[in-house]
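Going down the list, the protein sequences come from chains S and R. Per numbering that gives the first Met the number 0, the first sequence starts with residue 0, numbered consecutively. Per numbering that gives the first Met the number 0, the second sequence starts with residue 0, numbered consecutively. Data first, discussion second: the structure below is written as structure tokens.
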Amino acid sequence: MTKSLQVDNEGRLRHLLTTEGLPAPMILRILDTADQFVSVNEREVKKVPLLRGKSIFNVFFEGSTRTRTTFEIAAKRLSADVINLNVAVSSTSKGETLLDTVFNLQAMDADMFVVRHSQSGAAHLIARHVKPGVAVINAGDGRHAHPTQGLLDMYTIRHYKKDFSALTVAIVGDVMHSRVARSQIHALKTLGVPDLRVVGPKTLIPAEAARLGVRVCHDMAEGLRDCDVVVMLRLQNERMNGALLPSASEFFKCYGLTAEKLSTAKPDAIVMHPGPMNRGVEIDSSVADGRQSVILPQVTFGIAVRMAVMSMLGSPS
Amino acid sequence: MKAARERRGQRFAIEGARIVDPASRRDSPGSIYIADGKIAALDRAPDGFVADETIDAKGLVACPGLVDLSARLREPGFEYKATLETEVRAALAGGVTTLACPPDTDPPLDEPGLVEMLRRRAASLEGARVHPLGALTVGLQGKKLAEMRLLAEAGCVGFFQGQAPTAETATLLQAMRYASTFGYTVWLRPQHAGLAAGGVAHEGEVATRLGLAPIPVIAETIAVRAILELMEATGARVHLARLSSGRAVDLVADAKKRGAALTCDVGVHHLHLSDRDIGDFDSNANLAPPLRDPADRDRLRRALADGIIDAVCSDHTPVDEDAKQVPFAEAEPGATALELLLPLVLKWGNEMHLALAEALAPVTSRAAAAIGIEAGRIAPGAAADLCLFDPGKPWIVLPSALASQGKNTPFLGFEMTGRVARTVVGGRSVYVD
Chain S
0 MTKSLQVDNE
10 GRLRHLLTTE
20 GLPAPMILRI
30 LDTADQFVSV
40 NEREVKKVPL
50 LRGKSIFNVF
60 FEGSTRTRTT
70 FEIAAKRLSA
80 DVINLNVAVS
90 STSKGETLLD
100 TVFNLQAMDA
110 DMFVVRHSQS
120 GAAHLIARHV
130 KPGVAVINAG
140 DGRHAHPTQG
150 LLDMYTIRHY
160 KKDFSALTVA
170 IVGDVMHSRV
180 ARSQIHALKT
190 LGVPDLRVVG
200 PKTLIPAEAA
210 RLGVRVCHDM
220 AEGLRDCDVV
230 VMLRLQNERM
240 NGALLPSASE
250 FFKCYGLTAE
260 KLSTAKPDAI
270 VMHPGPMNRG
280 VEIDSSVADG
290 RQSVILPQVT
300 FGIAVRMAVM
310 SMLGSPS
Chain R
0 MKAARERRGQ
10 RFAIEGARIV
20 DPASRRDSPG
30 SIYIADGKIA
40 ALDRAPDGFV
50 ADETIDAKGL
60 VACPGLVDLS
70 ARLREPGFEY
80 KATLETEVRA
90 ALAGGVTTLA
100 CPPDTDPPLD
110 EPGLVEMLRR
120 RAASLEGARV
130 HPLGALTVGL
140 QGKKLAEMRL
150 LAEAGCVGFF
160 QGQAPTAETA
170 TLLQAMRYAS
180 TFGYTVWLRP
190 QHAGLAAGGV
200 AHEGEVATRL
210 GLAPIPVIAE
220 TIAVRAILEL
230 MEATGARVHL
240 ARLSSGRAVD
250 LVADAKKRGA
260 ALTCDVGVHH
270 LHLSDRDIGD
280 FDSNANLAPP
290 LRDPADRDRL
300 RRALADGIID
310 AVCSDHTPVD
320 EDAKQVPFAE
330 AEPGATALEL
340 LLPLVLKWGN
350 EMHLALAEAL
360 APVTSRAAAA
370 IGIEAGRIAP
380 GAAADLCLFD
390 PGKPWIVLPS
400 ALASQGKNTP
410 FLGFEMTGRV
420 ARTVVGGRSV
430 YVD
């Protein structure tokens with residue numbers, strides 16, 4: 000079902016809702032397309048006319064300046080018209096339903112929606128109700144998915160490691176509440192990563208995580224041993240002092256990435272983080288700013304990957 | 000549909016039907032003779048019986064009118080979702096002649112006056128027999144005991160918290176003590192409120208994959224264990240509503256073996272569906288309790304066949320479109336089901352290789368026993384409440400095929416086998432297909 004909603008019968012990308020069920024050739028095509036945009040972004044004039052005349056609505060039902068900005072930049076570099084809506088503080092507080100908001104914007108001739116919402120499945124709901132020809136990009140729905148983040152992470156990994164088929168990857172921290180982790184896991188499995196681990200305390204690893212095809216580790220040294228890629232997840236403030244974790248400092252002690260803990264991974268392992276980072280909670284500054292960190296390149300590649308997705312959705316040829 | 004309305008006192012005969020009566024384990028062709036709203040005789044007409052009308056029921060099964068332990072009629076308070084008129088019609092179209100309705104209306108059924116009004120309204124519609132379940136606590140708030148004695152006198156057959164959280168343990172203890180003073184049955188949907196807080200889907204692979212907040216099985220089993228302890232302490236009789244997990248079935252089986260005054264039911268969706276059926280966030284599969292693992296579903300199916308689970312009910316909950324066309328977690332749980340109850344029970348019976356009389360027992364005689372009322376059997380002297388259905392007739396679940404105002408069902412578009420041809424309540428044909 001996922002496949003039919005986001006990939007049409009001719010195998011073209013119709014919406015981007017989740018990395019789950021996205022075929023490997025499709026993921027690779029997105030990464031290859033992003034390659035071309037990386038070079039565009041290095042030029043003096045960083046603009047191509049692929050989406051000229053198209054209207055892209057960034058509809059954020061949940062605040063996020065950063066992600067919205069990266070989508071905005073990507074759309075503008077494709078020459079699209081971008082309209083930003085922070086719905087968290089407008090329509091819904093007036094009692095308008097999610098679909099009514101979307102139908103209203105659709106009546107303003109939107110070609111594409113970039114949607115973030117606090118509820119898992121919100122982007123699916125919208126994709127099921129938009130007119131044919133209108134595309135939906137999920138920019139994060141609840142704990143479910145954040146596919147462009149997952150894809151930019153794949154781009155980053157491919158950039159540094161070339162091949163997925165012999166990699167050992169560890170995803171560390173709050174997997175339970177992380178849509179980023181879910182999007183990474185599905186993409187990494189599809190791309191054939193043979194050794195994929197999630198690392199964290201039992202309160203932050205979801206039930207049945209193993210059924211997603213990952214190995215569950217509760218010990219950092221074991222989890223990071225011989226890794227090629229270490230992905231640190233952001234720990235939300237509200238999780239730090241409560242029923243799930245006693246304190247941020249205890250979390251850092253057990254699962255925060257320090258140079259010492261990283262030393263059990265391969266010497267050329269790369270360190271990733273979807274941002275924004277909590278230095279001293281999930282990652283030590285010496286690692287975040289160290290030679291193995293690719294956290295800033297992730298941001299750069301993120302623009303190119305979002306351009307790739309938008310161009311594929313906006314000009315289906 | 001035309002509802003033939005005969006005068007009370009009319010005599011009629013149903014001939015040539017395959018009569019299936021779970022209570023007497025009958026499954027054989029025969030005739031039913033009806034007079035004064037009651038079954039006068041079976042197979043051979045009483046002396047001097049002259050039928051005003053004879054119904055040829057060849058090819059049809061005649062079984063007791065179904066007894067549904069949970070159908071939300073949505074009155075009072077939720078008339079925009081459904082009304083008594085539409086839902087009573089849905090009940091009759093589904094062959095349901097007796098139903099219990101939970102107290103989670105708005106306001107809840109915590110006042111005798113409300114119960115009387117509901118019963119009067121239902122009676123005036125001349126349809127299914129409606130047995131309200133009264134609120135266990137005032138406003139279903141779980142704090143103050145409702146006026147159980149007065150509510151019982153107004154017609155309540157038990158006391159329930161409905162979808163509201165079960166009262167906190169100390170209150171529940173007193174509620175069960177008080178109810179047992181008068182011999183009332185306390186109905187409880189076992190779910191520990193704290194463990195289920197915020198959850199919308201079974202804690203398992205699907206919730207993990209879709210990022211839906213989980214409701215663990217222990218939310219149910221811890222509640223069942225607490226209730227069993229309270230039963231021992233108070234002597235209260237309890238009906239556990241809507242079991243969802245195999246572990247809970249094990250606890251119930253143990254308790255029954257030890258002789259606990261315990262009955263229980265399962266919702267019909269949970270016999271056929273699992274969390275896998277949530278698919279891509281299908282909010283029609285947002286049910287309470289949540290659909291669980293396929294292994295849980297299989298255990299429920301077996302336990303219903305074995306009689307560990309006494310009854311299966313529709314748990315009919317018509318929800319308006321607006322309350323379902325939202326992200327999964329925000330959707331109102333529940334499904335329209337009165338008209339799906341019979342075909343889904345037949346499907347379960349077929350798949351479990353049960354004789355028809357065995358398959359129908361949990362929606363007729365065993366369900367009536369769980370409420371503690373006289374209903375659900377075909378016998379001389381019993382009320383002439385009957386369901387005549389064509390067991391082989393296929394139909395598609397489309398909004399237009401449903402009399403209920405609620406069109407929300409995870410079975411939308413599915414083909415069902417078995418369709419009601421005629422429903423008889425108190426000797427009157429109140430629904431004819």
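In this text, a Cβ means the ideal position worked out from N, Cα and C, and glycines have one as well.
Where residue i sits in the DSSP three-state scheme
i: R:THR422; result: strand
i: S:PHE70; result: helix
i: S:ARG51; result: coil
i: R:ASN349; result: helix
i: R:MET0; result: Caution is warranted here: a pLDDT of 39 is assigned to R:MET0, below 50, making its placement in the model unreliable, and no coordinate value can be reported.
i: S:PRO146; result: helix
i: R:TYR32; result: strand
i: S:ALA169; result: strand
i: R:ASP26; result: strand
i: S:PHE56; result: strand
i: S:THR32; result: helix
i: R:PHE410; result: coil
i: R:ASP46; result: coil
i: R:GLU5; result: With a pLDDT of 44 at R:GLU5, under the threshold of 50, the modelled position of that residue is not reliable, and the figure given next carries that caveat. The answer is coil: DSSP assigns R:GLU5 none of H, G, I, E or B.
i: R:MET415; result: strand
i: R:HIS271; result: coil
i: R:LYS37; result: strand
i: S:VAL133; result: coil
Proximal residues of chain R, C-beta to C-beta of residue i below 9 angstroms
i: S:THR189; result: Neighbours of S:THR189 on chain R: none; closest Cβ ~14 angstroms, over 9 angstroms.
i: S:LEU4; result: ASP279
i: S:ARG181; result: THR207, ARG208, LEU209, GLY210
Amino acids of chain S, ordered along the chain, whose beta-carbon sits closer than 8 angstroms to that of residue i
i: R:ALA328; result: GLN118, SER119, GLY120, GLY141
i: R:ASP321; result: THR96
i: R:PHE280; result: SER119, GLY120, HIS123, LEU124
Short CB-CB distance (under 8 angstroms) between residue i and chain R
i: S:ARG178; result: yes
i: S:THR1; result: Because the pLDDT at S:THR1 is just 43, under 50, the model does not fix this residue reliably, and the value given afterwards should be weighed accordingly. Yes, contact with chain R.
i: S:SER316; result: Note that S:SER316 scores 49 on pLDDT, short of 50, meaning its location in the model is unreliable; the coordinates nonetheless yield the value given after this. Judged by the 8 angstroms Cβ criterion, S:SER316 is not in contact with chain R.
i: S:LEU211; result: yes
i: S:ARG13; result: no
Run of the alpha helix (DSSP H) containing residue i, from where it starts to where it stops
i: R:LEU83; result: 83 to 92
i: R:ARG208; result: 204 to 209
i: R:LYS323; result: 320 to 323
i: R:ALA225; result: 217 to 233
i: R:SER179; result: 168 to 181
i: R:GLY157; result: Per DSSP, R:GLY157 belongs to no alpha helix (DSSP H) and is neither H nor E.
i: R:SER282; result: First-last for R:SER282: undefined, no H or E at that position.
i: R:ILE370; result: 364 to 370
i: S:SER3; result: 1 to 5
Min CB distance residue i to chain S below 8 angstroms
i: R:GLU204; result: yes
i: R:ALA178; result: no
i: R:PRO213; result: yes
i: R:GLY412; result: no
i: R:GLY193; result: no
i: R:VAL318; result: no
i: R:ARG298; result: no
i: R:GLY36; result: no
i: R:GLY210; result: yes
Boundaries (first-last residue) of the beta strand (DSSP E) holding residue i
i: S:ALA121; result: No beta strand (DSSP E) holds S:ALA121; the alpha helix (DSSP H) holding it covers 121 to 128.
i: R:GLY245; result: Note, R:GLY245: premise wrong, no beta strand (DSSP E); alpha helix (DSSP H) at 245 to 256.
i: R:LEU117; result: No beta strand (DSSP E) contains R:LEU117, which is instead part of the alpha helix (DSSP H) from 111 to 123.
i: R:HIS130; result: 128 to 131
i: S:ALA109; result: Unbroken run through S:ALA109: none, as it is neither H nor E.
i: R:LEU239; result: 236 to 239
Interface partners of residue i on chain R, CB under 7 angstroms
i: S:GLU207; result: GLY203, GLU204, THR207
Listed by chain order, chain S residues near residue i by CB distance under 7 angstroms
i: R:GLN324; result: LEU98
Quiz item: Enumerated in chain order, which unbroken segments of the beta strand (DSSP E) with a length of 3 residues or greater are wholly contained in the segment 222 to 290 of chain S?
Solution: Fully enclosed beta strand (DSSP E) runs of no fewer than 3 residues occupy 228 to 231, 269 to 271 of the segment 222 to 290 of chain S, in order along the chain.
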